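Using this note's numbering, read the sequence shown as starting at 224 and increasing by one per residue. Heads up, the thing below is written out as structure tokens.
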Amino acid sequence: MNISMKIIILLLLMFTFINPASAEQNMELPDPGKLAEKQLELLDLSQVEGFIRELDMELGEYLPDLSLIGLMNNIREGNLGFEWRDFFNTLLRYLFRELLAASSLLGKIVVLAVVCVVLKNLQAAFEKGTTSKLAYAITYLAMITLALGSFTLAVDTARGAIDQMVSFMQSIMPIIFTLMVAVGGPTSAALLHPVIVAALGVFGTLTNNIVFPLIYLSAVLGIVGQISDGFQVSRFAGLLRQIGITLIGLFLTVFVGTLSLYGIAGSVADGIALRTAKFLTGSFIPVVGKMLSDAVETVVGASLLVTSALHVMAVIVILAMAAFPGLKILALVIIYKLAAALIQPFGDTQMSEALDAMGNSLIIVFAAVIAVGLMFFVALSAIVGVGNMTVMLR
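As structure tokens, then:
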């Protein structure tokens with residue numbers, strides 16, 4: 224007989240000879256809310272709190288309260304403590320602010336476009352006006368450099384947003400998986416943890432190192448194709464954009480499919496194991512077994528409360544990390560499209576087409592940031608859903 228079997232038999236004998244009346248009088252179940260607060264104190268949330276402080280410094284006026292204690296109390300009362308409608312109104316207000324900030328770029332582009340049109344007319348008036356040709360080329364390049372500089376900043380913003388989301392997810396995942404084990408989901412945690420950690424790094428890296436360079440190259444080729452009529456690469460630029468869109472969709476599909484497959488398998492196994500353990504404890508250990516079973520349920524309920532609060536907080540943080548940089552990029556898309564529409568009536572179709580192509584490329588950059596944010600939102604929701612399913616199956 225090995226040591227583990229001896230310990231189990233010893234525990235069974237000990238609980239058998241306990242006075243049931245005395246056990247009922249002395250054993251009181253703790254309040255789930257207080258137990259959840261104690262669990263929260265034991266968790267290492269320093270890295271997560273660092274991300275929240277950073278967000279508060281940058282976007283404090285646009286974000287709701289992200290206190291975990293406050294979120295837990297709100298969840299117990301059946302609300303989140305804020306209205307999603309107010310949050311979306313805040314996003315619209317932020318977009319308007321970014322449009323105002325980018326309006327100077329629109330003004331500069333339109334002024335340079337008007338100058339280019341004037342120089343082009345002078346070039347037509349003087350057939351051999353090399354000076355006007357040179358001035359036109361310099362002005363055109365200045366406008367394209369200005370637009371390309373803001374495009375580069377937008378891509379860098381997208382890279383930073385994805386890196387920030389990946390770092391945040393990597394810091395909060397161990398905490399959520401620890402709580403998943405506490406609610407009786409060790410199999411789900413063992414299955415999902417390596418999959419999600421690997422997927423976070425792989426898809427974030429692939430988006431930054433493959434999708435964004437493809438989009439940037441397509442924007443540059445779109446500009447080059449408008450400089451000379453004899454060198455057309457618009458089809459190739461469109462192909463690169465299409466490859467970028469396909470990769471984003473492929474990443475999202477593979478991630479969600481893998482997560483669903485592993486999550487369902489783990490939750491069923493954990494639910495059966497937890498239900499069996501609860502039945503054995505309540506049936507074969509008199510009185511105390513029932514109390515232990517109830518105590519386990521209390522601990523599981525408290526862990527679910529902490530998990531729900533962490534989930535709400537993490538969803539808000541991921542939404543903020545994806546939405547606000549995405550709105551900055553969207554503001555530039557609107558500026559490029561508006562500039563292209565304003566320039567076209569002046570007769571300079573080359574500039575209009577170049578700006579429109581840059582706007583189309585930035586739309587894909589915006590879509591990539593939102594897709595990664597959606598991917599992480601699905602991951603968080605799936606993990607919490609697996610934990611809830613495990614408890615339901617018990």
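Ideal Cβ placement from N, Cα and C applies to all residues, glycine included. A quick note: this is a predicted structure, and the numbers were derived from the prediction, not measured.
Euclidean distance between Cα positions of residue i and residue j
{"i": "L322", "j": "L555", "result": "8 Å"}
{"i": "A324", "j": "A594", "result": "25 Å"}
{"i": "A562", "j": "Q270", "result": "42 Å"}
{"i": "A564", "j": "M366", "result": "16 Å"}
{"i": "M280", "j": "T375", "result": "25 Å"}
{"i": "P287", "j": "C339", "result": "47 Å"}
{"i": "R320", "j": "Q387", "result": "23 Å"}
{"i": "H534", "j": "N312", "result": "22 Å"}
{"i": "V491", "j": "G383", "result": "Confidence is the limiting factor: at V491 the pLDDT is only 45, short of 50, which leaves the residue's position unreliable, though a coordinate-based value still follows. Roughly 38 Å separates the two Cα atoms."}
{"i": "E306", "j": "V337", "result": "46 Å"}
{"i": "A590", "j": "P436", "result": "15 Å"}
{"i": "V425", "j": "I419", "result": "10 Å"}
{"i": "L528", "j": "R308", "result": "24 Å"}
{"i": "I472", "j": "I446", "result": "What sits at residue 472 in the sequence shown is Gly, not Ile. Cα to Cα, the separation comes out at about 26 Å."}
{"i": "L371", "j": "F310", "result": "32 Å"}
{"i": "L342", "j": "L357", "result": "9 Å"}
{"i": "V378", "j": "T476", "result": "23 Å"}
Reduced DSSP secondary structure (H/G/I, E/B, other) of residue i
{"i": "D579", "result": "helix"}
{"i": "L268", "result": "coil"}
{"i": "P287", "result": "coil"}
{"i": "E306", "result": "coil"}
{"i": "Q393", "result": "helix"}
{"i": "V443", "result": "helix"}
{"i": "V456", "result": "coil"}
{"i": "L597", "result": "helix"}
{"i": "A602", "result": "helix"}
{"i": "L236", "result": "The pLDDT assigned to L236 is 41, lower than 50, so where the model puts this residue is not dependable, and the model offers no usable value."}
Beta carbon of residue i nearer than 7 Å to that of residue j
{"i": "K560", "j": "T380", "result": "no"}
{"i": "A545", "j": "V479", "result": "no"}
{"i": "A442", "j": "M574", "result": "no"}
{"i": "I398", "j": "L578", "result": "no"}
{"i": "G596", "j": "I539", "result": "no"}
{"i": "G467", "j": "V434", "result": "yes"}
{"i": "N431", "j": "I385", "result": "yes"}
{"i": "L423", "j": "V456", "result": "no"}
{"i": "F600", "j": "M392", "result": "no"}
{"i": "L278", "j": "A543", "result": "yes"}
{"i": "I275", "j": "L291", "result": "no"}
{"i": "Y285", "j": "Y317", "result": "yes"}
{"i": "Q449", "j": "E576", "result": "yes"}
{"i": "F547", "j": "L282", "result": "yes"}
Contacting residues, own chain, Cβ-Cβ under 8 Å from residue i (five flanking each side not counted)
{"i": "L429", "result": "L470, F474"}
{"i": "L369", "result": "L328, K331, I332, L335"}
{"i": "P417", "result": "none"}
Own chain residues within Cβ distance below 7 Å of residue i, not counting five before or after
{"i": "F459", "result": "L444"}
{"i": "A169", "result": "As shown, the chain starts at 224 and ends at 617. That puts residue 169 outside it, with no answer to give."}
{"i": "S373", "result": "L328, L555"}
{"i": "L440", "result": "L463"}
{"i": "I558", "result": "A325, L328, L329"}
Contact set for residue i: own chain, Cβ-Cβ below 6 Å, skip 5 residues either direction
{"i": "I438", "result": "G467, S584, I587, V588"}
{"i": "G427", "result": "I385, V389"}
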